[in-house]
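Participant: What follows is a structure written as structure tokens; I'll ask about it next.
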Amino acid sequence: MDKTRPDTVAAPRRFPLREVVLFAALLLAVLGVYAVMGAAYSTRMLVEAACYAILALGLTIQWGYAGQFNAGVMGFVALGGFCAMTFSVPVNEAFWGSELPGELGRVLLTMVAAALVVFGATRLDRLGVPKALRTLIAVVLAMVLYLVVINALRDVTDQIEARAGFIGGLGLPVGVGWIVGGALAGGVGYFIGRVCLGLRSDYLAIATLGIAEIIKAFLKNSDWLTRGTATVSPLPWPVPAPAEVGFTLARALYLSVTAVMIAVIFFLLTRAYYAPWGRMIRAIRDNEVSAAAMGKDINRRRLEIFVLGCILMGIGGAALASFNSLFDPQGYLPLNHTFLVLVMVILGGPGNNLGTLFGAVTVYIIWIMSGPIALYLMELAVTLGQASFGWEAPTNLDSRALQARVFVIGLLITLVLRFAPKGLLPEKVIHHG
Amino acid sequence: MNELVFFLNNVVIAGSVTGSIYAIGAVGVTLVFSIMRFAHFAHADIMTFGAFMVMLLATAFPTAGAAIGVPAALVLLPVAMALTAALAVGIDRAFYKPLRAHGVKPIVMVIASLGVTLMLQGLIRLFSGTGGQSLYVDDRKEIFRLTLPLEGVRVPVVITEPQLYLFVLTIACVVGLHLFLSRSRLGKAMRAMSDNPDLAQASGINTHTIVAVTWVIAGGLAAIAGTLLSLDVTFKPDLSFFLLLPIFAAAIVGGVGHPFGAIAGGFVVGFAETLAVFNWGVLLRPFRDSLPEWLAGAGNLAFVGTEYKIVVPFFILVAILVWRPTGIFKGKVI
Numbered sequence: 001m002d003k004t005r006p007d008t009v010a011a012p013r014r015f016p017l018r019e020v021v022l023f024a025a026l027l028l029a030v031l032g033v034y035a036v037m038g039a040a041y042s043t044r045m046l047v048e049a050a051c052y053a054i055l056a057l058g059l060t061i062q063w064g065y066a067g068q069f070n071a072g073v074m075g076f077v078a079l080g081g082f083c084a085m086t087f088s089v090p091v092n093e094a095f096w097g098s099e100l101p102g103e104l105g106r107v108l109l110t111m112v113a114a115a116l117v118v119f120g121a122t123r124l125d126r127l128g129v130p131k132a133l134r135t136l137i138a139v140v141l142a143m144v145l146y147l148v149v150i151n152a153l154r155d156v157t158d159q160i161e162a163r164a165g166f167i168g169g170l171g172l173p174v175g176v177g178w179i180v181g182g183a184l185a186g187g188v189g190y191f192i193g194r195v196c197l198g199l200r201s202d203y204l205a206i207a208t209l210g211i212a213e214i215i216k217a218f219l220k221n222s223d224w225l226t227r228g229t230a231t232v233s234p235l236p237w238p239v240p241a242p243a244e245v246g247f248t249l250a251r252a253l254y255l256s257v258t259a260v261m262i263a264v265i266f267f268l269l270t271r272a273y274y275a276p277w278g279r280m281i282r283a284i285r286d287n288e289v290s291a292a293a294m295g296k297d298i299n300r301r302r303l304e305i306f307v308l309g310c311i312l313m314g315i316g317g318a319a320l321a322s323f324n325s326l327f328d329p330q331g332y333l334p335l336n337h338t339f340l341v342l343v344m345v346i347l348g349g350p351g352n353n354l355g356t357l358f359g360a361v362t363v364y365i366i367w368i369m370s371g372p373i374a375l376y377l378m379e380l381a382v383t384l385g386q387a388s389f390g391w392e393a394p395t396n397l398d399s400r401a402l403q404a405r406v407f408v409i410g411l412l413i414t415l416v417l418r419f420a421p422k423g424l425l426p427e428k429v430i431h432h433g
Numbered sequence: 001m002n003e004l005v006f007f008l009n010n011v012v013i014a015g016s017v018t019g020s021i022y023a024i025g026a027v028g029v030t031l032v033f034s035i036m037r038f039a040h041f042a043h044a045d046i047m048t049f050g051a052f053m054v055m056l057l058a059t060a061f062p063t064a065g066a067a068i069g070v071p072a073a074l075v076l077l078p079v080a081m082a083l084t085a086a087l088a089v090g091i092d093r094a095f096y097k098p099l100r101a102h103g104v105k106p107i108v109m110v111i112a113s114l115g116v117t118l119m120l121q122g123l124i125r126l127f128s129g130t131g132g133q134s135l136y137v138d139d140r141k142e143i144f145r146l147t148l149p150l151e152g153v154r155v156p157v158v159i160t161e162p163q164l165y166l167f168v169l170t171i172a173c174v175v176g177l178h179l180f181l182s183r184s185r186l187g188k189a190m191r192a193m194s195d196n197p198d199l200a201q202a203s204g205i206n207t208h209t210i211v212a213v214t215w216v217i218a219g220g221l222a223a224i225a226g227t228l229l230s231l232d233v234t235f236k237p238d239l240s241f242f243l244l245l246p247i248f249a250a251a252i253v254g255g256v257g258h259p260f261g262a263i264a265g266g267f268v269v270g271f272a273e274t275l276a277v278f279n280w281g282v283l284l285r286p287f288r289d290s291l292p293e294w295l296a297g298a299g300n301l302a303f304v305g306t307e308y309k310i311v312v313p314f315f316i317l318v319a320i321l322v323w324r325p326t327g328i329f330k331g332k333v334i
């Protein structure tokens, strides 16, 4: 057995030079941002970076630990944000005081009953009905009942929108919303995983991309649930709000909350990675067939890790929405909430939690800073252009410079894949024996 | 009868329009997959790029089409196709070829194509702004209203000029593609490589040429689809995310690797979308008097609202992946 594979075998207990250098550079960059942009702005950036780090940890266990390419992070982030909103926003008396909750409940019960009837119809073959007939009955029944339920729901939701605006929140502590956000994202992830995880990775990417868009479309158009494009704000914070203690201190407090969350998640994930469970996950990733031959339940483990990643994304999304103090379903963009997280993971090093944290903060700084830098460059070009040959520049430079971020993220993805395919802090593969 | 004409306008014509565009797009995706074995996510952005090129050219030469009476955009389309094809080949050289040479997994190529998507999107938005613009720079969009010579029909069948061009060009593309793949040497070589790359290489087919030709065809078709879509509605830089899912659904429904399956899949997805958002209550209206109260009173019998259109291709995609992963024409499984 040759052991000379310097690219994959980590020398035992060497001084972590690479990590120290990279994190020192990152610290310098953060200090640089503080010096240039001021404390309040930079602290906000760090809090957002911390929320993104939770998302990135979620993706790194899906993509890094298990090799599942989830291109729908945005959907789970939006679900988390939705829960954070629903649970923390004050109760809407106009809705709860009327008879509308009862009617909504009745429609929801009808929905459950219809689902049960359709499910029953799919089992008719057990009673001796031919399979083709059963499928026909089930499909027709599903279509008819669907139309009935959707029309009833439309009536009630129109009433809610007209009379109460939206159903409002539950007025519970913020933390409850975060936990339920994680649970909801995990639950949705479970159903998606049941359907899609048997597919090969390309299909999974396409499917999750679509699911994220569907979740967004639902949240955006369900005005009775989320106020849709009218957005809900302000969302309460788990720490004293900026109005009470000032921007910098309030954000610093929020940062400490997210930092504690990251520390806990990081600790648990690292334990899991080195535990027999983590070894099994990696074995499945590296060679599915031999892992199956060793008696591992591949589909179950894949589902487990997918749901776990989705839960983290839900929690991160909830923390992000609470911090922005705004729930705007339209503000969830594949670029900001899927691809940004993807770059964080592949730049930092998939499967390496420390690398993922490094990637999250680094990429977020690049992301935030590329807008102003592009604007500066464009203004420079315009000044030069006007001075030398009277070029008349378009007026909306600000919004265009913002688009430079899209390009920068795309460029980062391709550069990383080309020159550092394992990330800046590659996963340390341990070879036993 | 008015209801039937309404159906014709809203389902048959609208479905054929979206179907044609999805079909041309899906052909590109399926060709790239059959030669290079990865799902090319940047395809929708190459379509946008083609439309953007047409827009730039049409702004520069607004009177190019006046002499023969067609919009400038259509006359300049071949130039834009050449530019887009060059871009596609260039992207392959710069980003995909090095990865292929490394022999990476297909999913890594997918991520690389996502990177390319974002770069293209960023560049297009940087230069065009984020708003929508019409491709009819100096020309007027003709709208034909055909009144059916039947009694009691008041609603005309509405079809616009770009839609007619779209149907003509789609048929031309399909016939051209068929002749190319079945008759020409290069087309046969492409099919050979799609079946078995190693064997194709061993029998003396220059695989690099085939890859380049594939990108040229995919880029050219993408430019056509993007331009015709933008002619029909408007040019928007963020067109691509709404196209990506239907196009992949179409390619998979038709069986990945089958160009003609992709065309069929495109129409399946296009018609499914329009049928799902169509309000079936309209068709019941003539029989209002003879129907039971609860059915006649039902206001909106559309399956999904227009705002949930994106659910339809996704539903088709999942259904086909679960029940028949090879697609209707027995394609490869990605």
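If you read the sequences in order, they're chains A and B. Everything in the first sequence is counted per full-length UniProt numbering, starting at 1 for the first residue and increasing by one. Everything in the second sequence is counted per full-length UniProt numbering, starting at 1 for the first residue and increasing by one. For glycine and all other residues, C-beta sits at the position ideal for the given N, C-alpha and C.
Exposed or buried, what is Met63(B) when buried is set at 16 or more other beta-carbons lying within 10 Å of its beta-carbon?
Facilitator: By 1-based counting over the second sequence, the position of residue 63(B) is 63. Note on residue identity: the sequence assigns Thr, not Met, to residue 63(B). Flag for Thr63(B) reads exposed.
Participant: In chain order, what residues of the segment 107 to 125 of chain B put their CB closer than 8 angstroms to some CB of chain A?
Facilitator: Ile107, Val108, Val110, Ile111, Ala112, Leu114, Gly115, Val116, Thr117, Leu118, Met119, Leu120, Gln121, Gly122, Leu123, Arg125
Participant: Let me confirm a value: Val322(B) is counted as buried when at least 16 other C-beta atoms fall within 10 Å, else exposed. Which label applies?
Facilitator: To locate residue 322(B), count along the second sequence from 1; it is residue 322. By the 10 Å Cβ count, Val322(B) comes out exposed.
Participant: Could you give the residue range of the beta strand (DSSP E) that holds Ile167(A)?
Facilitator: In the first sequence, counting from the first residue as 1, residue 167(A) sits at position 167. Neither: Ile167(A) is in no beta strand (DSSP E) and is coded neither H nor E.
Participant: Once DSSP output is grouped into helix, strand and coil, what is the label at Val158(B)?
Facilitator: For the purposes of this step, residue 158(B) is taken as the residue at position 158 of the second sequence. DSSP places Val158(B) in strand when its eight states are reduced to three.
Participant: Pop quiz: Phe306(A) and Gly193(A) are said to be a contact at Cβ under 8 angstroms. What is the actual Cβ separation, rounded to whole angstroms?
Facilitator: In the first sequence, the residue the question calls residue 306(A) occupies position 306. In the first sequence, the residue the question calls residue 193(A) occupies position 193. So it is a contact: roughly 4 angstroms between Cβ atoms.
Participant: Using a Cβ-Cβ cut-off of 6 angstroms (strictly less than) and excluding sequence neighbours within five positions of Leu243(B), which residues of its own chain qualify?
Facilitator: Locating residue 243(B) in the second sequence gives position 243, where the first residue counts as 1. Within the same chain, Leu243(B) has close Cβ partners Ala44.
Participant: Could you pull the DSSP bridge partners for Arg145(B) from this structure?
Facilitator: As a first step, residue 145(B) is located in the second sequence; it is residue number 145 there, counting from the start. Val158(B).
Participant: Indicate whether the contact test is met: 3 or more Cβ pairs, each with one atom in the segment 341 to 351 of chain A and one in the segment 416 to 433 of chain A, closer than 8 angstroms.
Facilitator: yes
Participant: Could you run through the segment 207 to 218 of chain A and flag, in chain order, every residue whose CB is less than 8 angstroms away from some CB of chain B?
Facilitator: For chain B, the residues of the segment 207 to 218 of chain A that bring a beta carbon within less than 8 angstroms of one of its beta carbons are Ala207, Leu209, Gly210, Ile211, Glu213, Ile214, Ala217, Phe218, in chain order.
Participant: Establish whether the CB of residue 438(A) and some CB of chain B are separated by less than 7 angstroms.
Facilitator: For chain A, the structure presents residues 1 to 433; residue 438(A) sits outside this window and is missing.
Participant: Between Asp7(A) and the rest of its own chain, which residues show a CB-CB distance below 7 angstroms, the 5 nearest in sequence each way excluded?
Facilitator: As a working mapping, residue 7(A) is identified with position 7 in the first sequence. Residue placement at Asp7(A) is poorly supported in this model, since its pLDDT is 48, which falls under 50; the coordinates are not used for a value here.
Participant: Have a look at Leu340(A), Val345(A), Val429(A) and flag the residue whose alpha-carbon is nearest the alpha-carbon of Val406(A).
Facilitator: Position 406 of the first sequence holds residue 406(A). With distances taken between Cα atoms, Val406(A) lies closest to Leu340(A).
Participant: How would you label Arg183(B), buried or exposed, when you count the other beta carbons within 10 angstroms and need 16 or more for buried?
Facilitator: Mapped onto the second sequence, residue 183(B) falls at position 183. Under this definition Arg183(B) is an exposed residue.
Participant: Can you give me the start and stop residues for the alpha helix (DSSP H) that Asn2(B) sits inside?
Facilitator: Residue numbering aside, residue 2(B) sits at position 2 when the second sequence is read from its first letter. First-last of the alpha helix (DSSP H) with Asn2(B): 2 to 7.
Participant: What residues in its chain sit with their C-beta under 6 angstroms from that of Gly15(B), if we drop five residues either side in the sequence?
Facilitator: Within the second sequence, residue 15(B) is the residue found at index 15, counting from 1. Result list for Gly15(B): Gly270, Phe271, Thr274, in chain order.
Participant: With H, G and I counted as helix, E and B as strand and the rest as coil, what does DSSP make of Val156(A)?
Facilitator: Taking the first sequence and counting its residues from 1, one reaches residue 156(A) at position 156. Of the three classes helix, strand and coil, the one that applies to Val156(A) here is helix, per DSSP.
Participant: Show which residues of chain B have a CB atom less than 9 angstroms away from the CB atom of Phe407(A).
Facilitator: The residue given as residue 407(A) occupies position 407 in the first sequence. Per Cβ cutoff of 9 angstroms: Leu118, Met119, Leu120, Gln121, Gly122, Leu123, Arg125, Leu126.
Participant: I want to know whether the segment 85 to 105 of chain A touches the segment 171 to 183 of chain A - three or more CB-CB distances under 8 angstroms.
Facilitator: Touching, per the Cβ criterion.
Participant: Which chain A residues sit within Cβ distance under 7 angstroms of Pro98(B)?
Facilitator: For the purposes of this step, residue 98(B) is taken as residue 98 along the second sequence, with counting starting at 1. What Pro98(B) touches in chain A: Arg418.
Participant: What residues of chain A sit near Ile310(B), judged by a beta carbon separation below 8 angstroms?
Facilitator: One-based indexing of the second sequence puts residue 310(B) at position 310. Against chain A, a Cβ distance below 8 angstroms from Ile310(B) picks out Gly210, Glu213, Ile214, Ala217.
Participant: DSSP on Phe287(B), reduced to helix/strand/coil?
Facilitator: As a working note, residue 287(B) is residue 287 in the second sequence. Three-state result, Phe287(B): helix.
Participant: Are there three or more Cβ pairs, one per stretch, closer than 8 angstroms when the segment 90 to 107 of chain A is compared with the segment 143 to 160 of chain A?
Facilitator: yes
Participant: Does Phe329(B) have its Cβ less than 7 angstroms from a Cβ in chain A?
Facilitator: Along the second sequence, one-based indexing puts residue 329(B) at 329. Cβ-Cβ to chain A under 7 angstroms: no for Phe329(B).
Participant: According to the Cβ coordinates, are Met53(B) and Ala94(B) closer than 7 angstroms?
Facilitator: Counted from its first residue, the second sequence places residue 53(B) at position 53. Counted from its first residue, the second sequence places residue 94(B) at position 94. Cβ distance not < 7 angstroms, so Met53(B) and Ala94(B) don't count as in contact.
Participant: Is the CB of Glu273(B) under 7 angstroms away from at least one CB in chain A?
Facilitator: Position 273 of the second sequence, counted from the start, is the residue given in the question as residue 273(B). Judged by the 7 angstroms Cβ criterion, Glu273(B) is not in contact with chain A.
Participant: Would you call Leu199(B) buried or exposed, if buried means 16 or more other Cβ atoms sit within 10 Å of its Cβ?
Facilitator: Working through the second sequence from its first residue, we reach residue 199(B) at position 199. Flag for Leu199(B) reads exposed.
Participant: Report, in whole angstroms, the separation of the C-beta atoms of Thr84(B) and Gly50(B), which I expect to be a contact under 8 angstroms.
Facilitator: Translated into positions along the second sequence, residue 84(B) becomes position 84. Translated into positions along the second sequence, residue 50(B) becomes position 50. Indeed they touch by this definition, with Cβ atoms about 4 angstroms apart.
Participant: Got a sec? Which residues, its chain only, sit under 6 angstroms from Val107(A) by beta carbon, not counting five neighbours each side?
Facilitator: Position 107 of the first sequence, counted from the start, is the residue given in the question as residue 107(A). Closer than 6 angstroms at the Cβ level, and outside the excluded window around Val107(A), lie Ala152, Leu153, Val156.
Participant: Using the rule of at least 16 other Cβ atoms within 10 Å of the residue's Cβ for burial, across every protein chain shown, is Leu116(A) buried or exposed?
Facilitator: Here residue 116(A) refers to the residue found at position 116 of the first sequence. With fewer than 16 other Cβ atoms within 10 Å, it is exposed.
Participant: Less than 6 angstroms between C-beta atoms, sequence neighbours within five positions excluded: which residues of the same chain meet that for Ala66(A)?
Facilitator: Taking the first sequence and counting its residues from 1, the one referred to as residue 66(A) is at position 66. Contacts found: Ile281, Arg285, Ile305.
Participant: Within the continuous alpha helix (DSSP H) that includes Glu99(A), where are the two ends?
Facilitator: Residue numbering aside, residue 99(A) sits at position 99 when the first sequence is read from its first letter. Looking at the DSSP string, Glu99(A) is not in any alpha helix (DSSP H), and its letter there is neither H nor E.
Participant: Please give me, in chain order, every unbroken run of the alpha helix (DSSP H) with length at least 4 that falls completely inside the segment 31 to 109 of chain A.
Facilitator: 39 to 59, 73 to 88, 93 to 96, all fully within the segment 31 to 109 of chain A.
Participant: For Trp96(A), count the other beta carbons within 10 Å of its own beta carbon; 16 or more makes it buried, fewer makes it exposed. Which is it?
Facilitator: Position 96 of the first sequence, counted from the first residue, corresponds to residue 96(A). The residue is exposed, with fewer than 16 neighbouring Cβ atoms inside 10 Å.
Participant: If the cut is a Cβ gap below 9 angstroms, which residues of chain A does Ala39(B) touch?
Facilitator: As a first step, residue 39(B) is located in the second sequence; it is residue number 39 there, counting from the start. The contacting residues are Asp202, Tyr203, Ala205, Ile206.
Participant: Counting C-beta neighbours from all protein chains within 10 Å, is the total for Tyr274(A) 16 or more, i.e. buried, or is it exposed?
Facilitator: Translated into positions along the first sequence, residue 274(A) becomes position 274. The residue is exposed, with fewer than 16 neighbouring Cβ atoms inside 10 Å.
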